[in-house]
Amino acid sequence: MSGETQFFVELVSNGFLTGLMYSLVAVGFVLIYKSTDAINFAQGEFCMIAAIIVASTMTLYGFPLWAAVGISLIFMLGFNLGLERFVLRPMIGRPVVAIIMATIGLALMFRGLGPLVFGAETRPINLPIEQAPVIWGPFFMSQIDILGAAISVLFLAVFGWFFLKSRKGVAMRAVADSHQVSMAMGINVERYFALAWMLAGLVALLGGIVWGNAIGVDTQLAQLGLKVFPVVILGGLDSIIGCIVGGLIVGVCEAIAAGYLDPIVGGGTKDFTPYVLMILVLMIRPYGMFGKPIIERI
Amino acid sequence: MLQLNNIEVIYDNVILVLRGVSIEAPEGAITTVLGANGAGKTTMLKAISGLLRPERGDVSRGSIEFNGERIDRMLPHQIVRNGIVQVFEGRRVFEHLTAEENLIAGGHILPSAAKLKQNMELVYEYFPRLSERRDIQAGYLSGGEQQMLAVGRALMSEPNYVLLDEPSLGLAPMIVQEIFGRIQRLRDEQNVSFLLVEQNAKLALEIADAGYVMENGAIVLEGQASQLRDNADIKEFYLGMSGEDRKSFRDVKHYRRRKRWLA
Ligand SMILES: Nc1ncnc2c1ncn2[C@@H]1O[C@H](COP(=O)(O)OP(=O)(O)OP(=O)(O)O)[C@@H](O)[C@H]1O
Ligand SMILES: [Mg+2]
Numbered sequence: 012m013s014g015e016t017q018f019f020v021e022l023v024s025n026g027f028l029t030g031l032m033y034s035l036v037a038v039g040f041v042l043i044y045k046s047t048d049a050i051n052f053a054q055g056e057f058c059m060i061a062a063i064i065v066a067s068t069m070t071l072y073g074f075p076l077w078a079a080v081g082i083s084l085i086f087m088l089g090f091n092l093g094l095e096r097f098v099l100r101p102m103i104g105r106p107v108v109a110i111i112m113a114t115i116g117l118a119l120m121f122r123g124l125g126p127l128v129f130g131a132e133t134r135p136i137n138l139p140i141e142q143a144p145v146i147w148g149p150f151f152m153s154q155i156d157i158l159g160a161a162i163s164v165l166f167l168a169v170f171g172w173f174f175l176k177s178r179k180g181v182a183m184r185a186v187a188d189s190h191q192v193s194m195a196m197g198i199n200v201e202r203y204f205a206l207a208w209m210l211a212g213l214v215a216l217l218g219g220i221v222w223g224n225a226i227g228v229d230t231q232l233a234q235l236g237l238k239v240f241p242v243v244i245l246g247g248l249d250s251i252i253g254c255i256v257g258g259l260i261v262g263v264c265e266a267i268a269a270g271y272l273d274p275i276v277g278g279g280t281k282d283f284t285p286y287v288l289m290i291l292v293l294m295i296r297p298y299g300m301f302g303k304p305i306i307e308r309i
Numbered sequence: 726m727l728q729l730n731n732i733e734v735i736y737d738n739v740i741l742v743l744r745g746v747s748i749e750a751p752e753g754a755i756t757t758v759l760g761a762n763g764a765g766k767t768t769m770l771k772a773i774s775g776l777l778r779p780e781r782g783d784v785s786r787g788s789i790e791f792n793g794e795r796i797d798r799m800l801p802h803q804i805v806r807n808g809i810v811q812v813f814e815g816r817r818v819f820e821h822l823t824a825e826e827n828l829i830a831g832g833h834i835l836p837s838a839a840k841l842k843q844n845m846e847l848v849y850e851y852f853p854r855l856s857e858r859r860d861i862q863a864g865y866l867s868g869g870e871q872q873m874l875a876v877g878r879a880l881m882s883e884p885n886y887v888l889l890d891e892p893s894l895g896l897a898p899m900i901v902q903e904i905f906g907r908i909q910r911l912r913d914e915q916n917v918s919f920l921l922v923e924q925n926a927k928l929a930l931e932i933a934d935a936g937y938v939m940e941n942g943a944i945v946l947e948g949q950a951s952q953l954r955d956n957a958d959i960k961e962f963y964l965g966m967s968g969e970d971r972k973s974f975r976d977v978k979h980y981r982r983r984k985r986w987l988a
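So the protein sequences, as listed, match chains L and S. Its first residue numbered 12, the first sequence is counted upward by one per residue in our numbering. Its first residue numbered 726, the second sequence is counted upward by one per residue in our numbering.
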């Protein structure tokens with residue numbers, strides 16, 4: 012294989028792995044949007060907080076990985092449960108914009124509080140894997156990325172099954188469709204809001220671990236939210252399949268763009284490629300590639 | 726027995742919509758409540774199913790009893806568990822879910838997947854059209870199919886009482902006949918009781934056992950369906966004369982005024 016093709020294959024395969032890791036974070040947005048119709052702008056900050064807790068309990072207090080993850084999980088579930096109960100539930104029935112503004116406020120608060128409580132330095136989350144890359148035929152990939160992608164695939168499959176096949180998943184989609192009608196079906200709507208936020212906390216933890224392992228943990232991790240936003244828009248805000256496809260497209264496109272354009276323009280391509288893609292897709296399909304169109308029967 | 730005892734409903738603490746409504750819907754019967762636009766029929770059904778509160782409405786006086794137990798302070802999901810479920814005006818299917826997923830959502834309170842499956846088969850037996858269309862997104866079903874789905878979805882929770890809000894609205898006469906026929910069969914074969922709200926008095930009185938007429942948030946007339954069919958006022962105002970179209974509310978008002986003036 013020529014060096015040129017080799018380079019391309021490498022870009023695509025690495026973009027593919029990164030893309031799956033984007034998808035995992037993107038699912039957090041979808042969970043909230045699906046059940047409450049609101050966009051949680053603090054999802055990136057959720058990832059950051061979850062990862063900071065894991066990393067600092069490990070490095071500062073010497074907890075083993077599993078315990079650190081457990082502590083972070085309990086915190087995230089408890090925090091999101093409280094958040095839903097005391098901040099977001101009283102806002103039910105208000106314009107969605109109000110909920111969105113509340114999540115933006117929350118995001119800013121997290122960005123300030125995270126470093127204040129745990130310090131601003133970058134800490135690692137070390138998963139028990141080797142640093143050495145894997146070479147498999149023409150593919151040349153880091154084990155960290157492979158593990159990240161594997162965890163992503165596993166949980167994307169679990170969430171996909173939950174939403175599409177399980178009774179609770181159907182109920183959650185029903186709630187997203189209409190709160191009032193769901194109530195009339197005996198669905199305890201508030202309990203499903205709580206469930207959605209807890210799941211969003213769980214996804215944030217998974218995303219935080221996977222990305223913290225890949226790039227280290229500090230406030231930069233909160234940028235994930237912004238980074239993944241084009242993925243969510245590309246895929247349509249309410250589709251898990253959309254998340255996966257959107258993540259893959261963004262991951263691969265930005266890797267290729269960075270590989271070929273960065274040497275020419277001097278870097279930074281990765282940061283804007285996703286937004287260019289997002290705008291292109293919005294021009295063609297305003298509800299994303301997999302989003303539900305507004306059904307209008309005449 | 727489902728009973729409304731002299732209930733009063735207020736929206737936003739000031740708008741009085743129901744003023745002392747008393748209704749009895751006996752077990753195993755179809756009871757109809759007739760009334761023109763804005764009479765307060767939907768409000769009455771929401772009061773029963775506990776759905777007033779999210780709309781800032783409140784049962785401010787009187788009580789709602791189901792088999793002797795007061796249910797007017799219960800939450801909507803508790804009322805469904807007690808065996809009362811509402812089918813909304815305008816069908817209100819979950820548009821983005823398939824027909825079958827709508828049924829699954831309707832059976833939310835069922836304890837087991839086996840029970841869910843069993844009830845689903847029963848719904849498909851009564852509405853075979855739904856079985857054919859089970860994998861279609863509900864938003865793309867025809868109006869008649871959506872109404873069948875709305876009724877079928879309500880049946881999934883094995884209710885004792887189904888509250889039907891204007892099921893004939895906007896549907897072709899033939900489809901309405903079909904749906905009303907199924908409702909009768911459900912009463913006879915499954916012992917489901919219905920509280921049927923309608924503007925179309927002719928159709929409703931054909932299948933109902935007893936009925937009430939509501940005007941401006943109060944019951945103005947009640948009786949067995951056969952009596953109501955023969956009642957001169959009902960014939961005049963709601964059934965329309967000599968087979969022509971039902972008169973509009975405005976005509977009724979006008980007629981009332983004239984009658985009062987003549988009297
Ligand atoms: N949420 C609400 N807040 C304030 N007023 C309301 C509310 N819902 C209904 N109303 C008022 O209560 C009255 C009765 O409404 P309701 O919907 O119960 O009538 P209806 O008999 O079902 O009429 P239709 O046949 O048109 O469906 C109307 O005057 C309506 O404006
Ligand atoms: Mg109504």
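Just so it is clear, CB atoms sit at the ideal spot from N, CA and C, and this is done for glycine as well. Predicted model only: the values in this text are computed from it and were never measured.
- S/SER774 belongs to the set of residues whose beta carbon lies under 8 Å from a beta carbon in chain L.
- Its chain contains ALA750, LEU920 and ALA935 as the residues whose beta carbon lies nearer than 6 Å to that of S/THR756, once the 5 sequence neighbours on both sides are disregarded; these appear in chain order.
- If you check the CB distance, L/ALA187 and L/GLY26 do not come in under 8 Å.
- Under the Cβ distance rule, S/GLY808 does not count among the residues neighbouring chain L, no pair being separated by less than 8 Å.
- Under a criterion of Cβ atoms nearer than 8 Å, the residues of chain S adjacent to L/SER189 are, in order, ARG817 and PHE819.
- Neighbours of L/GLY197 in chain S, taken as residues whose beta carbon is under 7 Å from its own, are HIS802, VAL805, ARG806, HIS833, ILE834 and SER882 in chain order.
- In the structure shown, S/PHE819 falls within a coil segment according to DSSP collapsed to helix, strand and coil.
- Here L/PRO241 is buried, its C-beta having at least 16 other C-beta atoms within 10 Å.
- Residue pairing for S/TYR736: DSSP places it in a beta bridge opposite S/ILE740 and S/GLY782.
- Taking 8 Å as the threshold, the shortest C-beta distance from S/ALA929 to chain L does not fall below it.
- Sorting S/ILE796, S/SER774 and S/GLY942 by C-alpha distance to the C-alpha of S/VAL810 places S/SER774 at the top.
- Taking a Cβ-Cβ threshold of 9 Å, the residues of chain S close to L/MET194 are SER774, GLY775, LEU776, PRO779, LEU800, PRO801, HIS802 and VAL805, in chain order.
- Shortest gap from the CB of S/GLU940 to any heavy atom of ligand 2: 7 Å or more.
- About 4 Å separates the beta carbons of L/ALA66 and L/VAL228, which is inside the 8 Å limit, making them a contact pair.
- As DSSP reads the structure, S/SER788 sits in a beta bridge with S/ASN730.
- Annotation for L/ASP229: no beta strand (DSSP E) segment contains it, and DSSP assigns it neither H nor E.
- S/MET726 has its alpha-carbon roughly 16 Å from the corresponding atom of S/MET769.
- When secondary structure is reduced to three states using DSSP, L/PHE19 falls in the helix class.
- Taking every protein chain shown into account, the CB of S/ASN762 has fewer than 16 other CB atoms within 10 angstroms, so this residue is exposed.
- Secondary structure note for L/LEU158: its alpha helix (DSSP H) is the uninterrupted segment 154-176.
- Secondary-structure assignment with DSSP links L/PHE151 through a beta bridge to L/ILE146.
- Take S/ASN730, set aside five residues on each side of it, and the residues of its chain with a beta-carbon closer than 8 Å to its own are SER747, GLY787, SER788, ILE789 and GLU790, in chain order.
- No Cβ-Cβ contact shorter than 8 Å links L/LEU99 with L/ILE115.
- At least one beta carbon of chain S lies nearer than 8 Å to the beta carbon of L/ARG178.
- Here S/LEU946 has VAL938 as same chain residues with Cβ atoms under 6 Å from its own Cβ, once five neighbours each way along the sequence are excluded.
- L/VAL256 and L/GLY246 have their alpha carbons spaced roughly 7 Å apart.
- For L/GLY55, the uninterrupted alpha helix (DSSP H) run begins and ends at 54-72, by DSSP.
- In this structure, the beta-carbon distance from S/GLY864 to S/ILE900 does not fall below 8 Å.
- At least one heavy atom of ligand 1 falls within 7 Å of the beta-carbon of S/GLN924.
- The set of residues whose C-beta lies within less than 5 Å of a heavy atom of ligand 1 reads, in chain order, S/TYR736, S/ILE740, S/VAL742, S/ASN762, S/GLY763, S/ALA764, S/GLY765, S/LYS766, S/THR767, S/THR768 and S/GLU780.
- The closest heavy atom of ligand 2 lies 7 Å or more from the beta carbon of L/ASP282.
- Considered as a whole, the stretch 926-966 of chain S harbours 926-932 and 950-955 as its complete alpha helix (DSSP H) runs of no fewer than 4 residues, in chain order.
- Among the residues facing chain S, L/VAL80 is not included, as its CB has no counterpart in that chain under 8 Å away.
- In this structure, the C-beta of S/ASP890 approaches ligand 2 to less than 7 Å from one of its heavy atoms.
- L/ASP48: not part of any beta strand (DSSP E); DSSP gives it neither H nor E.
- Residue S/GLY815 holds the alpha-carbon nearest to the alpha-carbon of S/GLU891 among S/ARG795, S/MET799, S/GLY815 and S/ASN807.
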